[in-house]
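Report on the structure given below.
In our numbering, the protein residues as written are 4 to 93.
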């Protein structure tokens with residue numbers, strides 16, 4: 004069974020969402036992956052995500068090192084040298 008949590012003041016859409024989701028969940032497709040395949044896929048994705056976030060943390064810690072020493076130029080230069088575009092300065 005799947006639970007849907009709706010936050011906010013407007014919970015009137017909850018019934019509409021449940022009506023759309025529940026039939027899809029209850030209908031089993033013979034070609035659908037079993038639970039173990041789904042879990043395995045999620046864990047592989049999780050491992051990649053975790054690795055990416057750890058790498059970004061390490062890179063940002065270098066920048067923080069310069070920033071805490073009030074070396075703004077050093078922090079900006081460190082940002083520019085980072086190979087990860089998600090943490091680069093523009």
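Beta carbons: idealized from backbone N, C-alpha and C, even for Gly.
Cβ neighbour criterion (16 or more within 10 Å) applied to residue i
| i | result |
| --- | --- |
| residue 51 | exposed |
| residue 62 | buried |
| residue 9 | Any answer about residue 9 is weak, because its pLDDT of 40 lies below 50 and its placement is not dependable; what the coordinates show is given next. It counts as exposed. |
| residue 38 | exposed |
The alpha helix (DSSP H) enclosing residue i, as first and last residue numbers
| i | result |
| --- | --- |
| residue 45 | 38 to 71 |
| residue 85 | From DSSP, residue 85 is part of no alpha helix (DSSP H); its letter is neither H nor E. |
- [ ] For the stretch 45 to 59 and the stretch 69 to 81, state whether three or more C-beta atom pairs, one from each stretch, are separated by less than 8 Å.
- [x] no
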